[in-house]
Amino acid sequence: MQLFAFRQAVSFMRFKYVAVIFSALLVVLCLGLIATKGLNWGLDFTGGTVIEVNFTAAANLNHVRDKLSVVGFPDAVVQFFGSSQDVMIRIPLREGVAQAEIGNTVVNALKTEFAQSVSMRRVEFVGPSVGEELKQDGGLALLVALLGILAYVAMRFEWRLSVGAVLALGHDVILTLGLFSLLQIEFDLTVLAAILALIGYSINDTIVVFDRIRESFRKLRDSSVDETINMAITSTLNRTVITSLTTILVLVVLFFLGGALIHGFATALLFGIAVGTYSSVYVASGIAVLLGLNRADLLPVVVEADSVDITP
Amino acid sequence: MLNQNPWWRYVVVIGMLLLTLLYALPNLYPADPALNISATRGGLVAENTHRQLLSSLASEGIAIKSSSLQNGELLLRFADTEAQLQAREQVMAALGSNYITALNLAPATPEWLTRIGATPMKLGLDLRGGVHFLLAVDMQAALEKNLNDLTALVRVDLRQADIRYRSVQTDLKAQQITITLREASDAAAVEAVLKKTDAGFEFSQSRDGKILQLRFSEQRQKEIREYALAQNITILRNRINGIGVAEPLVQRQGADRIIVQLPGVQDTAQAKEILGATASLEFRLVDTQSDLAAALAGQLPAGASLYQTRDGRPLLLEKRIMLTGDHITGATAGYDDTGMPQVTIMLDAPGSNLLSAGTKDAVGRRMASVFIEYQPSQERDAAGTPILIKQQEVINDATIQSRLGGRSFQITGLSSPAEAQNLASLLRAGALIAPIQIIEERTIGPSLGQENIQLGMQAILWGMVAVLVFMAVYYKGFGVVANVALLANVVLLIGLMSMLPGATLTLPGMAGIVLTVGMAVDANVLIFERIREELAEGRSIQQAIHQGYDRAFATIADSNITTLLVALILFGVGTGPIKGFAITLALGILTSIFTAVIGTRLVVNLLWGGRRVQSLPL
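Protein chains in written order, with the UniProt record's numbering: chain D, 1 to 312; chain R, 1 to 618.
Structure representation (structure tokens):
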């Protein structure tokens, strides 16, 4: 069984301008989205308190809200979390009060109101300084990861490919962030981890294609740059698609069976890997070609051992 | 002949797999809800107490799975958490305050596995339930306290050296001390005098030379911070050991943070009281005039009160406090001239004056150090918060050999270096200079932890099934080989996670395993596709297998190194659960290369290599 059995190379590079422009537009659109709508930062980044409680029967959110207003949290966001028995309460940071006590106050208030039918599932409190630091550290981690990859690919391959790879990665990250901004899915620490894992996955894909591009350049001496790259992409296409498929398969399982805490993580990776598969085919190599990649850049350096120097 | 392996390679790979399988085995035995019972003050649980407890639990109808008394600690195992909680009430009522009863999840690893050091994976708090705190130490307060102490010292030093000054002032904002002199010519003398006592300062001088600015050197500031952090960690450890939590974690993070993890603790109100409790220290003279026996019988002499030492000895102390702990600036354990262990206690200037006055007429008498701590009790007030009770304990009493006058004094005659260390850390704990603040708290209820484990296990299981089916259908015989490698990969990963002391399984970590399952087949996909290509180009079957593995390997290595790089960065930046994810991701990459490249090669060679084969099941 084989997904694709092409007799000859598919001319992927014919659409390189279209693809790069299309991607550039998407990136601009997503950046615009992030700039205007922003990200729905989770507790890890904003700070504040999140309380998850479990009711033995379906919960009445209005009742919970009323009770919370009475005990001094009219600004609490109360919503279902995963099921109608699990309720998540978010309380923003506030000045002055002993922040760390909020969780206990709320849980105690609910326990007196609803008696036996409510139990604490989790309480998370994050102070303001911690969230700020995490944003910085997270941003730094993304940057270091991208720079590390830039350096590694430049060293192992060539700078045009390296720039193509990193731009493709940036493309994947920005598009995923754009999706999170568009749908206003909560962006928490696990999503950040997913985006870093996505970078790892996507570069993996890209390098497999690059490896083949380098090999094809050395083998096919008479073909044009576009033809060679088409050849390389075509021959790795089966692998690219199958690996993406198996990964997407497990991510779908994770999305449906992994529980509400893992949803954001699974969503980011599912979308990111789909985008990443496209970008490692089109964006990474397309940009390298547009930057003027040619055969000489990838041939092994020939050292002429017994050349004769002629001096005038 | 191509594609044949030396026999030892099979031995090595199979050996490795069996070894990790052995160490992965303990994970199959679910942990029992248990109670850890230990005696306070380093005491032991007696066999007698053990028997009494068992009969009292039996009379209440609480079933015990097993019980064992080891090293003076009692471990009771139960079938479910309900029995565990009931038993806890019963045990606490029966034993009273001299014992600590901690809820625990005891691994049910069989004896023969424990003997070779095999233990199950450590579970993160998001899987086993419990509370996680991140505490920030107020370094500003530590520096200010030191600066204030220093100001007092400078005044005394200058006076003693007969240097006249207009003023010595603390400037907390600029974190420096400003000395205004009468004569600019004294500046050098001032510097010389101050450098003699402590070299950790930096001086700067105004243009007319009359104003000197004194600030802590970088090195000294660092020392102050380290001291404040270490002091807080010692205090927290002491307190947490006292409340009965199985496997607590108190660990420094970065320059001014402390992580506290209390598995199994649900009552965060109590935990917070404990973390925020204050300790103090008092020095009092021992009352040797009055009758101790009478005092014990209830007739307390006026001006004295009854105390207990750490080993339970009663002691009568004068009510007058000679010195309080806030005058202590440091306490270190060391050795005296004769090589005996001792503790050196440093005092601030007012403290040394107080002690000098207090010990003038007390040479030859005994002085006791009393450690005072407010600890939450089992009783609760109307709002449900535990009532704090004052606990006092004599941690040391020693004879005053001579009038104590300087900035430091020594306590000698300690029985061991360990005792000296312990005393020094308690003395430091009683003179807390930097308060702590909770800046992050995460509490996971036990039901959520259990649910997370189940969800994670299901995701791993069904994710694997999906991939296994896909591979078998798509690559047929070779797909089955890849599947064997995938299973081996998961065993290897779990075995390694169980062996590594630093690896903890978290919910994102489980997601990492799922992701690894999906990505681990990548190496095999690369190899198999390559073999197909080689076949399509007309190579012989043996050549194709050989070339396929050979050529794919460079690609596999290249592409995995970058992923590994990302995992390492994630490990460096992430905390708790995210670190768990990074660990599984990184280990998963390494194990998948091993099984997919080396492992499958062995099987493929065994089945189809080195002989005439008509076609490959690929």
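Just so it is clear, CB atoms sit at the ideal spot from N, CA and C, and this is done for glycine as well. Just so we're clear, the structure is a prediction, and the values are computed from it rather than from any experiment.
- Of all alpha-carbon atoms in ALA109/D, MET120/D, LEU33/D, THR105/D, the one lying nearest the alpha-carbon of PHE55/D is that of MET120/D.
- Relative to the Cα of ILE262/D, the nearest Cα in the group ASN5/R, ILE545/R, GLY509/R, ALA523/R belongs to GLY509/R.
- The alpha carbon of GLN308/R has as its nearest neighbour, out of THR329/R, ASP326/R, ILE328/R, VAL286/R, the alpha carbon of VAL286/R.
- In the three-state DSSP reduction, GLN401/R falls in the coil class, being neither helix nor strand.
- Taking ALA304/R as reference, the option from ARG310/R, GLN289/R, VAL190/R, LYS210/R with the minimal CA-CA separation is GLN289/R.
- Assignment of ARG14/D by DSSP, reduced to helix, strand and coil, places it in the helix class.
- Not a single CB atom of chain R sits nearer than 7 Å to the CB of GLY276/D.
- Taking the Cα positions, LEU147/D is about 22 Å away from PHE581/R.
- Per DSSP, HIS132/R lies in no alpha helix (DSSP H); the unbroken beta strand (DSSP E) holding it starts and ends at 130 to 137.
- Contact residues of the segment 510 to 522 of chain R toward chain D are ALA511, VAL514, LEU515, VAL517, GLY518, MET519, VAL521, ASP522 (C-beta to C-beta distance below 7 Å).
- ARG166/R and SER280/R have their alpha carbons spaced roughly 36 Å apart.
- Any Cβ of chain D closer than 7 Å to the Cβ of ILE569/R would place that residue at the interface, and such an atom is present.
- Under the 7 Å criterion on CB atoms, PHE6/D is classed as non-interfacial with respect to chain R.
- In the DSSP assignment, TRP41/D is bridged to PHE187/D.
- Excluding its 5 nearest sequence neighbours in each direction, ASP267/R has no C-beta neighbour in its own chain below 6 Å.
- One finds LEU189, THR190, LEU192, ALA193 in chain D with Cβ atoms closer than 8 Å to the Cβ of ILE578/R, taken in chain order.
- In this structure, TRP41/D keeps its C-beta atom at 7 Å or more from the C-beta atom of PHE255/D.
- For ARG257/R, the closest alpha carbon among the candidates ASN148/R, LYS196/R, LEU125/R, LEU229/R is that of LEU229/R.
- When PRO128/D, LYS67/D, GLY32/D are compared, the shortest CA-CA separation from LEU43/D is found for PRO128/D.
- For the pair of segments examined, the segment 68 to 83 of chain D was found not to touch the segment 26 to 42 of chain D: the number of CB pairs separated by less than 8 Å stays below three.
- By the rule that beta-carbons nearer than 7 Å mark a contact, ASN230/D does not touch chain R.
- Annotation for LEU515/R: the continuous alpha helix (DSSP H) segment containing it runs 507 to 536.
- Listed along the chain, the chain R residues whose CB falls inside 8 Å of the CB of ILE199/D are VAL566.
- For ASP550/R, the uninterrupted alpha helix (DSSP H) segment begins and ends at 541 to 573.
- Of the residues assessed, THR180/R falls on the exposed side of the cut-off, its CB having fewer than 16 other CB atoms within 10 angstroms.
- Using beta-carbon distances, TYR549/R does not count as an interface residue toward chain D, since no partner is under 7 Å.
- Taking all protein chains in view, the Cβ of TYR17/D is surrounded by fewer than 16 other Cβ atoms within 10 Å, so the residue is classified as exposed.
- When DSSP states are grouped into helix, strand and coil, LYS210/R belongs to the coil group.
- Interface with chain R (7 Å Cβ-Cβ cutoff): LEU196/D is included.
- With respect to the C-alpha of GLN213/R, the residue from ILE235/R, ARG252/R, GLN169/R having the closest C-alpha is GLN169/R.
- One alpha carbon belongs to LEU290/D, the other to PHE470/R, and they sit about 38 Å apart.
- Beyond the five residues adjoining it in sequence on each side, LYS210/R comes within less than 7 Å, by CB distance, of THR180, LEU181, ALA184 in the same chain, given in chain order.
- Contact annotation for LEU448/R against chain D: ARG121, ARG122 [CB-CB distance below 7 Å, chain order].
- Boundaries of the beta strand (DSSP E) harbouring GLU318/R: 314 to 324, taken from the DSSP string.
- Within the DSSP bridge table, the entry for ILE259/R names LEU134/R, GLN251/R as partners.
- Cβ atoms of ASN238/D and LEU3/D come within 8 Å of each other, at about 5 Å.
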